[in-house]
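Residues in the sequence shown are numbered from 1279 upward in steps of one, following the working numbering.
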Amino acid sequence: MKRLIAATILTLLVLTPLAVSAQTTMFKFNQDGEFASISQSTDPNSNFTLNVSRNFSTGAGTSASISYLAFAFAPDFSTVTVTQIVGTIPSTAFTGVNTQNLTLSLDVSQLDPTTSFSQTCTIDLNTLSVTCGAGPTGTMQLSFTENGAQRTRVLALGEEITVGAFTTRLHQRSDNSTANVSGTIFGTTVSGSGATVGVNHNSSLEFIRN
(Lines of atoms letter the chains of each structure in order from A and count residues from 1; the text may use other names and numbers.)
(Lines give C-alpha, C1' and ligand atoms only; values in the text may rest on other atoms or scores of the structure.)
Protein backbone atom coordinates (compact mmCIF):
# COMPACT_ATOMS: atom_id res chain seq x y z
CA MET A 1 0.00 0.00 0.00
CA LYS A 2 2.80 2.44 0.83
CA ARG A 3 4.39 1.67 -2.53
CA LEU A 4 1.09 2.35 -4.26
CA ILE A 5 0.67 5.72 -2.53
CA ALA A 6 4.26 6.74 -3.22
CA ALA A 7 3.95 5.80 -6.88
CA THR A 8 0.68 7.69 -7.15
CA ILE A 9 2.24 10.88 -5.82
CA LEU A 10 5.21 10.47 -8.15
CA THR A 11 2.87 9.91 -11.06
CA LEU A 12 1.01 13.15 -10.49
CA LEU A 13 4.18 15.17 -10.09
CA VAL A 14 5.66 13.72 -13.26
CA LEU A 15 2.51 13.60 -15.36
CA THR A 16 1.13 17.06 -15.02
CA PRO A 17 4.04 19.23 -16.20
CA LEU A 18 4.91 16.97 -19.15
CA ALA A 19 1.57 15.83 -20.50
CA VAL A 20 -0.27 19.14 -20.58
CA SER A 21 0.11 21.82 -23.22
CA ALA A 22 0.77 25.45 -22.39
CA GLN A 23 -2.87 26.39 -22.94
CA THR A 24 -4.82 27.07 -19.77
CA THR A 25 -8.11 25.26 -19.27
CA MET A 26 -10.49 26.25 -16.48
CA PHE A 27 -13.82 24.81 -15.39
CA LYS A 28 -15.91 26.20 -12.54
CA PHE A 29 -19.06 24.52 -11.28
CA ASN A 30 -21.57 26.10 -8.89
CA GLN A 31 -22.84 23.00 -7.13
CA ASP A 32 -26.20 23.30 -5.42
CA GLY A 33 -28.26 20.17 -4.88
CA GLU A 34 -27.77 16.44 -4.59
CA PHE A 35 -24.35 14.85 -5.03
CA ALA A 36 -22.76 11.40 -4.80
CA SER A 37 -19.16 10.29 -4.45
CA ILE A 38 -17.15 7.10 -4.18
CA SER A 39 -13.45 6.31 -3.75
CA GLN A 40 -12.53 2.67 -4.11
CA SER A 41 -9.86 0.15 -5.11
CA THR A 42 -11.12 -2.15 -7.83
CA ASP A 43 -8.15 -4.50 -7.34
CA PRO A 44 -4.80 -4.36 -5.48
CA ASN A 45 -3.20 -2.28 -8.26
CA SER A 46 -6.07 0.03 -9.23
CA ASN A 47 -8.15 2.70 -7.58
CA PHE A 48 -10.49 5.53 -8.57
CA THR A 49 -12.33 8.53 -7.15
CA LEU A 50 -15.60 9.81 -8.60
CA ASN A 51 -17.71 12.82 -7.65
CA VAL A 52 -20.92 13.89 -9.36
CA SER A 53 -23.16 16.79 -8.35
CA ARG A 54 -26.10 18.80 -9.57
CA ASN A 55 -25.20 22.36 -10.51
CA PHE A 56 -27.05 25.56 -9.69
CA SER A 57 -30.17 25.91 -11.86
CA THR A 58 -30.40 28.95 -14.14
CA GLY A 59 -32.72 30.23 -16.82
CA ALA A 60 -30.51 28.53 -19.37
CA GLY A 61 -31.39 25.13 -17.91
CA THR A 62 -29.95 22.67 -15.46
CA SER A 63 -26.81 20.58 -15.61
CA ALA A 64 -24.54 18.45 -13.47
CA SER A 65 -20.78 18.10 -13.14
CA ILE A 66 -18.39 15.19 -12.75
CA SER A 67 -14.83 14.66 -11.59
CA TYR A 68 -13.22 11.24 -12.09
CA LEU A 69 -9.62 10.17 -11.49
CA ALA A 70 -8.35 6.59 -11.83
CA PHE A 71 -4.96 4.88 -11.47
CA ALA A 72 -4.03 1.42 -12.74
CA PHE A 73 -0.54 0.06 -12.03
CA ALA A 74 1.09 -2.75 -13.95
CA PRO A 75 1.65 -5.92 -11.85
CA ASP A 76 5.39 -5.19 -11.72
CA PHE A 77 4.83 -1.46 -11.03
CA SER A 78 6.78 -0.55 -14.16
CA THR A 79 3.99 1.61 -15.56
CA VAL A 80 0.87 3.36 -14.36
CA THR A 81 -2.11 4.46 -16.42
CA VAL A 82 -3.96 7.56 -15.27
CA THR A 83 -7.41 8.54 -16.51
CA GLN A 84 -8.95 11.91 -15.70
CA ILE A 85 -12.41 13.19 -16.65
CA VAL A 86 -13.68 16.60 -15.53
CA GLY A 87 -16.60 18.61 -16.84
CA THR A 88 -20.27 19.30 -17.27
CA ILE A 89 -22.68 16.45 -17.93
CA PRO A 90 -26.40 16.56 -18.83
CA SER A 91 -28.78 16.77 -15.89
CA THR A 92 -30.51 13.67 -17.27
CA ALA A 93 -27.34 11.66 -16.59
CA PHE A 94 -27.67 12.16 -12.81
CA THR A 95 -31.18 11.44 -11.55
CA GLY A 96 -33.12 10.92 -8.32
CA VAL A 97 -35.60 13.04 -6.42
CA ASN A 98 -33.62 12.97 -3.15
CA THR A 99 -30.49 11.48 -1.58
CA GLN A 100 -32.20 8.18 -0.75
CA ASN A 101 -31.73 6.96 -4.33
CA LEU A 102 -29.46 8.59 -6.91
CA THR A 103 -28.41 7.19 -10.27
CA LEU A 104 -25.56 8.08 -12.60
CA SER A 105 -26.00 6.89 -16.19
CA LEU A 106 -23.38 8.51 -18.40
CA ASP A 107 -21.92 7.71 -21.80
CA VAL A 108 -18.61 9.58 -21.63
CA SER A 109 -18.23 9.60 -25.41
CA GLN A 110 -21.04 12.17 -25.48
CA LEU A 111 -19.22 14.73 -23.30
CA ASP A 112 -19.02 18.21 -24.80
CA PRO A 113 -15.31 18.99 -25.36
CA THR A 114 -15.98 22.71 -24.83
CA THR A 115 -17.15 22.14 -21.25
CA SER A 116 -15.13 19.05 -20.27
CA PHE A 117 -11.97 17.13 -20.93
CA SER A 118 -11.07 13.46 -20.83
CA GLN A 119 -7.53 12.14 -20.97
CA THR A 120 -5.62 8.90 -20.40
CA CYS A 121 -1.86 8.86 -19.88
CA THR A 122 0.54 5.96 -19.40
CA ILE A 123 3.72 6.70 -17.48
CA ASP A 124 6.81 4.50 -17.56
CA LEU A 125 8.03 4.70 -13.97
CA ASN A 126 11.52 3.60 -14.98
CA THR A 127 12.17 6.14 -17.75
CA LEU A 128 9.53 8.68 -16.65
CA SER A 129 8.29 8.90 -20.24
CA VAL A 130 4.65 9.87 -20.67
CA THR A 131 2.27 8.87 -23.45
CA CYS A 132 -1.15 10.55 -23.47
CA GLY A 133 -4.24 10.21 -25.58
CA ALA A 134 -8.00 10.57 -25.54
CA GLY A 135 -9.84 9.30 -22.51
CA PRO A 136 -11.90 6.12 -22.48
CA THR A 137 -15.18 5.58 -24.26
CA GLY A 138 -17.90 3.65 -22.51
CA THR A 139 -20.42 4.12 -19.76
CA MET A 140 -20.70 4.78 -16.05
CA GLN A 141 -23.79 3.10 -14.57
CA LEU A 142 -24.01 3.55 -10.79
CA SER A 143 -26.85 3.45 -8.26
CA PHE A 144 -26.41 5.10 -4.84
CA THR A 145 -28.72 4.23 -1.92
CA GLU A 146 -28.45 6.22 1.30
CA ASN A 147 -27.90 3.97 4.34
CA GLY A 148 -27.58 6.61 7.07
CA ALA A 149 -24.88 4.71 8.95
CA GLN A 150 -23.05 7.99 9.44
CA ARG A 151 -24.16 11.55 8.83
CA THR A 152 -21.99 14.65 8.72
CA ARG A 153 -22.54 18.35 8.06
CA VAL A 154 -19.90 20.48 6.38
CA LEU A 155 -20.49 24.02 7.65
CA ALA A 156 -17.75 25.81 5.70
CA LEU A 157 -14.89 24.16 3.83
CA GLY A 158 -12.35 26.10 1.78
CA GLU A 159 -9.54 24.17 0.13
CA GLU A 160 -6.98 24.70 -2.62
CA ILE A 161 -4.78 21.86 -3.84
CA THR A 162 -2.05 22.32 -6.47
CA VAL A 163 -0.25 19.30 -7.88
CA GLY A 164 2.02 20.00 -10.82
CA ALA A 165 0.01 21.96 -13.38
CA PHE A 166 -3.39 21.19 -11.85
CA THR A 167 -5.13 23.35 -9.25
CA THR A 168 -8.42 22.46 -7.60
CA ARG A 169 -10.31 24.95 -5.45
CA LEU A 170 -13.24 23.77 -3.36
CA HIS A 171 -15.72 25.80 -1.32
CA GLN A 172 -18.34 23.58 0.23
CA ARG A 173 -21.31 23.58 2.57
CA SER A 174 -23.21 20.32 2.56
CA ASP A 175 -25.21 17.69 4.43
CA ASN A 176 -23.75 14.22 3.93
CA SER A 177 -24.63 10.57 4.58
CA THR A 178 -22.97 7.26 3.91
CA ALA A 179 -24.48 5.20 1.11
CA ASN A 180 -24.36 1.86 -0.68
CA VAL A 181 -23.26 1.83 -4.32
CA SER A 182 -23.57 -0.74 -7.08
CA GLY A 183 -23.01 -0.76 -10.82
CA THR A 184 -20.16 -0.54 -13.30
CA ILE A 185 -17.59 1.95 -14.56
CA PHE A 186 -16.32 1.13 -18.04
CA GLY A 187 -17.39 -2.48 -17.49
CA THR A 188 -15.68 -2.90 -14.10
CA THR A 189 -18.00 -3.80 -11.22
CA VAL A 190 -18.31 -1.28 -8.39
CA SER A 191 -20.07 -2.13 -5.13
CA GLY A 192 -19.92 -1.51 -1.39
CA SER A 193 -21.16 0.63 1.48
CA GLY A 194 -18.40 3.24 1.45
CA ALA A 195 -20.03 5.80 -0.84
CA THR A 196 -21.31 9.24 0.16
CA VAL A 197 -24.48 11.07 -0.83
CA GLY A 198 -25.70 14.46 0.24
CA VAL A 199 -26.85 17.94 -0.68
CA ASN A 200 -24.52 20.79 -1.61
CA HIS A 201 -25.56 24.27 -0.47
CA ASN A 202 -24.15 26.95 -2.79
CA SER A 203 -20.84 25.13 -3.09
CA SER A 204 -18.29 25.54 -5.88
CA LEU A 205 -15.59 23.48 -7.53
CA GLU A 206 -12.95 25.14 -9.71
CA PHE A 207 -10.46 23.17 -11.76
CA ILE A 208 -7.54 24.85 -13.52
CA ARG A 209 -5.11 23.16 -15.90
CA ASN A 210 -2.15 25.40 -16.82
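Glycine included, every Cβ here is placed at the ideal spot set by N, Cα and C.
- Residues of the same chain with a CB within less than 8 angstroms of the CB of G1465, apart from the 5 flanking positions on each side, are G1416 in chain order.
- In the structure shown, A1371 adopts helical secondary structure according to DSSP, grouped into three states.
- Judged by DSSP secondary structure, T1466 falls within the beta strand (DSSP E) whose first and last residues are 1466-1487.
- Scanning its chain for C-beta atoms nearer than 6 angstroms, with the 5 sequence neighbours on each side dropped, one finds around F1485 the residues F1305, V1364, T1446, in chain order.
- In the DSSP assignment, N1323 falls outside any beta strand (DSSP E), carrying neither H nor E.
- In the three-state reduction of the DSSP assignment, S1387 falls in the helix class, which pools H, G and I.
- Remark: C-beta atoms of A1314 and L1384 do not approach each other more closely than 8 angstroms.
- Residue environment analysis places S1421 among the buried positions, since at least 16 neighbouring C-beta atoms fall within 10 angstroms of its C-beta.
- For E1438, same chain residues with a beta-carbon under 6 angstroms away, outside a window of 5 residues either side, are R1447 in chain order.
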